[in-house]
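Asker:
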Amino acid sequence: MLPVELTKQKIKDLRTKIEKKNSVFSKKRFLDSMFLPSKIIGRENESEILLKHILSLKDGFVVPFVSVYGRSGSGKSTVVKFVCENLRDIISFRFVNLRKAKTVFGCTNMILSSLGDKSLSSAQGLNKAIDCIQEQIESILKKENNKFFVLILDEYDVIFSDPRSNPSDFVYKLLQMEENLREKGLWNCTITISNNSLQEHDLDDRVKSRMGGASVAFAPYPQSDVFGILQDRAKKAFKIKISKEVLEYCSQLSSSDHGDARRALDFLRTAGEICNGTQITKGDIDSAQKYLQKDKAQEIVSSATYHMRCVVASICSLAIVNEQSWAATSSIYKKYTEIVSKDDKPLSYRRISDLLVELENSGLVVSRAYSRGRNGYGKEYKLKVSPELVGPEVNQEFYESLIKRKVEIDRNKEIQKTLQSLDKKPNWYRYSNLLENL
Ligand SMILES: Nc1ncnc2c1ncn2[C@@H]1O[C@H](COP(=O)(O)OP(=O)(O)OP(=O)(O)O)[C@@H](O)[C@H]1O
Ligand SMILES: [Mg+2]
26 MLPVELTKQK
36 IKDLRTKIEK
46 KNSVFSKKRF
56 LDSMFLPSKI
66 IGRENESEIL
76 LKHILSLKDG
86 FVVPFVSVYG
96 RSGSGKSTVV
106 KFVCENLRDI
116 ISFRFVNLRK
126 AKTVFGCTNM
136 ILSSLGDKSL
146 SSAQGLNKAI
156 DCIQEQIESI
166 LKKENNKFFV
176 LILDEYDVIF
186 SDPRSNPSDF
196 VYKLLQMEEN
206 LREKGLWNCT
216 ITISNNSLQE
226 HDLDDRVKSR
236 MGGASVAFAP
246 YPQSDVFGIL
256 QDRAKKAFKI
266 KISKEVLEYC
276 SQLSSSDHGD
286 ARRALDFLRT
296 AGEICNGTQI
306 TKGDIDSAQK
316 YLQKDKAQEI
326 VSSATYHMRC
336 VVASICSLAI
346 VNEQSWAATS
356 SIYKKYTEIV
366 SKDDKPLSYR
376 RISDLLVELE
386 NSGLVVSRAY
396 SRGRNGYGKE
406 YKLKVSPELV
416 GPEVNQEFYE
426 SLIKRKVEID
436 RNKEIQKTLQ
446 SLDKKPNWYR
456 YSNLLENL
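In structure tokens, the structure reads:
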């Protein structure tokens, strides 16, 4: 059949169809995870620690680095922004999300652009870039009539994924810039936001000791906080009333792994998009979860490198064929070497361990430590999404072959079971049943 031509009329019809569908939203932006809420639920302790660090300025000493860390969706970006927004009378600040930077130099260019300066070419060097950052900070402080600058670097972990440059060097230069500013009677505090504490990262000891240990840890939200956040947003975002039961279910589902406010808001928004237009049910939340999991798996797998896909394929294979939902790094590595094409040299064990950490950061797998007796501790990984959703994304043929193998294994197991049970029966019975089963 030939594909139907997309005409002006067709677009008009599609538009009418979409517009006719009853929308349950009044202000959907309240469910956008980029939205900065005017009301923060909980997080008083974390805000107090952060404020203490920033307000140390009043005692004539400024902490040069504050590391804010915690799992995704625990409110780090939101709370840091909210606190700084409310200190505008004493500080100037800029918020830079470094997620899209691929190199340390790329980070400096993103910082420059958020400070209102133009980009530099990497040939101009890191020293020049830091000088320009300092100049911009000075000029902003002058314009805004302040003496204290807070540079917020969100998703800071990216600086550790640039294999060609030295993250310690970058941090060291930022610390030096802070000293230069101080000599001019100005202050700078860099707040870094990441999933892991800065102290855990591989930085030179001289840099670590100069940075100091100022940090704010964001524990995952308890389910009650996620419920509070949902309740507040649902009131503003929907035309219809969302039942307490549905909101509770949504917060429970999104906290099953770790209390994640972003996931909860995503579930609720998607449920609103797929519901029947009059009410949201628990079933809609379930469908939203499935839809988002598939979407996420698709996004991660489609942008993964060949070897990363092979690692995902290995975890799927162990989960489906061997029914090993938790798999040790060594089993994953063994499977990976079997899966990787004969024309490709397998990556080292060490490299695969790194790829597994990357997969965990992307949110596709979770890990746990397990004891190996005298050999210390090892790590095990498990898919966060069902292997039946991830498998076909890696490769449809590969997934089908896994299912076939699984069916064969199950059938063999059944036959074995029958044979074993036949051993206990009289001879005539053994033979009649055996013929039927083979
Ligand atoms: N305490 C809170 N009160 C109100 N809304 C919150 C709170 N914490 C988080 N949220 C909302 O949850 C969503 C996710 O929060 P946020 O982006 O701050 O998480 P994060 O810790 O920075 O996650 P990631 O590590 O993935 O960047 C946002 O939409 C935010 O508005
Ligand atoms: Mg964030």
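If you're matching positions, the sequence shown starts at 26 in this note's numbering and goes up one per residue. Heads up, the beta-carbon is just placed ideally off N, CA and C, and yes, glycines get one too.
Tell me whether the segment 271 to 282 and the segment 250 to 257 touch, counting them as touching only if at least three CB pairs, one residue from each stretch, are closer than 8 Å.
Answerer: Judged by Cβ distances under 8 Å, the segment 271 to 282 makes contact with the segment 250 to 257, as three or more pairs qualify.
Asker: To the nearest angstrom, how far is it from the Cα of V183 to the Cα of I115?
Answerer: Near 30 Å, if we compare the C-alpha coordinates of I115 and V183.
Asker: Nearest to S411 by alpha carbon, out of A322, S327, F120 and E204?
Answerer: Nearest C-alpha to S411: A322.
Asker: Does the distance from the CB of I325 to the CB of I340 come in under 8 Å?
Answerer: No; because the gap between Cβ atoms is not below 8 Å, this pair is not in contact.
Asker: Let me make sure I understand the geometry here. Which of E180, V336, P188 and S279 has the alpha-carbon closest to that of S92?
Answerer: Per the Cα distances, E180.
Asker: So does the segment 191 to 199 actually touch the segment 63 to 82, counting three or more Cβ pairs closer than 8 Å?
Answerer: Contact fails: fewer than three Cβ-Cβ distances are below 8 Å.
Asker: To test your reading of the DSSP string, which unbroken alpha helix (DSSP H) runs of 4 or more residues are found completely within the segment 162 to 212?
Answerer: Runs found: 192 to 208.
Asker: Compute every distance between the C-beta of P188 and the non-hydrogen atoms of ligand 1, then say whether any falls below 7 Å.
Answerer: For ligand 1, not one heavy atom lies less than 7 Å from the Cβ of P188.
Asker: Just curious, the beta strand (DSSP E) that L343 is in, first and last residue?
Answerer: L343 -> not in any beta strand (DSSP E); alpha helix (DSSP H) instead, spanning Y331 to I345.
Asker: Between L82 and the rest of its own chain, which residues show a CB-CB distance below 7 Å, the 5 nearest in sequence each way excluded?
Answerer: Closer than 7 Å at the Cβ level, and outside the excluded window around L82, lie F173 and W212.
Asker: Considering only the alpha carbon of each residue, which of V108, L75, A344 and I177 lies closest to G416?
Answerer: Looking at the Cα atoms, A344 is the closest of the given residues.
Asker: Threshold first: 4 residues or longer. Then list the alpha helix (DSSP H) segments lying entirely within the segment 268 to 313, N to C.
Answerer: Qualifying alpha helix (DSSP H) stretches, in chain order: 269 to 279 and 286 to 299.
Asker: Relative to the C-alpha of F86, which candidate in G210, A154, I155 and D187 has its C-alpha closest?
Answerer: Of G210, A154, I155 and D187, the residue nearest in Cα terms is G210.
Asker: Identify which residue in S312, I267 and F292 has its Cα closest to the Cα of T303.
Answerer: Among S312, I267 and F292, the Cα nearest to that of T303 belongs to I267.
Asker: Take N221 and list the residues in its own chain whose beta-carbon comes closer than 8 Å to its own, dropping the five residues that flank it on each side.
Answerer: The residues are Y94 and D182.
Asker: Give the DSSP-derived three-state secondary structure of L223 in the structure shown.
Answerer: In this structure, L223 counts as helix in the three-state DSSP scheme.
Asker: Does the CB of A344 have a neighbour CB from chain B at under 8 Å?
Answerer: Checking the listed chains, one finds no chain B in this structure; it contains a single protein chain.
Asker: Counting only the same chain and skipping the five closest in sequence on each side, list residues whose C-beta sits under 7 Å from that of N301.
Answerer: If we look at N301 and ignore the five residues flanking it on each side, it has no Cβ neighbours.
Asker: What do you reckon, are the CB atoms on V88 and G237 nearer than 8 Å?
Answerer: Taking 8 Å as the Cβ cut-off, V88 and G237 qualify as a contacting pair.
Asker: Would you report the Cα separation of L290 and S327, rounded to the nearest angstrom?
Answerer: L290 and S327: Cα-Cα distance of roughly 24 Å.
Asker: With burial defined as no fewer than 16 other Cβ atoms inside 10 Å of the residue's Cβ, what is the status of Q314: buried or exposed?
Answerer: Q314 should be labelled buried.
Asker: I need the DSSP call for S407, collapsed to helix, strand or coil.
Answerer: First, the amino acid is wrong: residue 407 is Lys here, not Ser. The answer is strand: DSSP assigns K407 an E or B state.
Asker: Measuring alpha carbon to alpha carbon, tell me which of P247, V382 and S350 ends up nearest E413.
Answerer: Per the Cα distances, S350.
Asker: For D285, tell me which candidate among G100, R430 and M202 has the shortest Cα-Cα distance.
Answerer: The candidate whose alpha carbon is nearest that of D285 is G100.
Asker: Once the 5 residues before and after I165 are set aside, which same chain residues still bring their CB inside 6 Å of it?
Answerer: Contacts found: S117.
Asker: So is D309 buried or exposed if we call it buried at 16+ other beta carbons inside 10 Å?
Answerer: When all chains shown are included, D309 counts as buried.
Asker: CB R294 to CB L56, shorter than 8 Å?
Answerer: Yes, Cβ-Cβ distance for R294 and L56 is below 8 Å.
Asker: Measure the CB-CB distance between V391 and V337 and report whether it falls below 8 Å.
Answerer: Result no, Cβ atoms of V391 and V337 do not sit closer than 8 Å.
Asker: Return the Cβ separation of M202 and Q159 in integer angstroms, given the expectation that the two are a contact with Cβ distance under 8 Å.
Answerer: That belief holds up - the Cβ atoms of M202 and Q159 are roughly 5 Å apart, short of 8 Å.
Asker: Just curious, the alpha helix (DSSP H) that Y374 is in, first and last residue?
Answerer: Note, Y374: alpha helix (DSSP H), Y374 to S387.
Asker: Taking Cβ positions, are E385 and A353 nearer each other than 8 Å?
Answerer: Taking 8 Å as the Cβ cut-off, E385 and A353 do not qualify as a contacting pair.
Asker: For D282, which residues of its own chain have a beta-carbon under 7 Å away from its beta-carbon, when the five flanking residues on both sides are left out?
Answerer: The answer, listed in chain order, is V391 and K409.
Asker: Specify the secondary structure class of A244 as computed by DSSP and reduced to three states.
Answerer: Note: A244 maps to coil in three-state DSSP.
Asker: Could you tell me whether the Cβ atoms of I377 and Y361 are closer together than 8 Å?
Answerer: Yes, the pair counts as a contact, with Cβ atoms nearer than the cut-off.
Asker: Tell me which same chain residues have a C-beta within less than 8 Å of the C-beta of L427, skipping the five on either side of it?
Answerer: Correct list, in chain order: C341, S342, I345, V346 and G416.
Asker: On the criterion of 16 or more Cβ atoms from any shown chain inside 10 Å, does G98 qualify as buried, or is it exposed?
Answerer: Buried is the call here.
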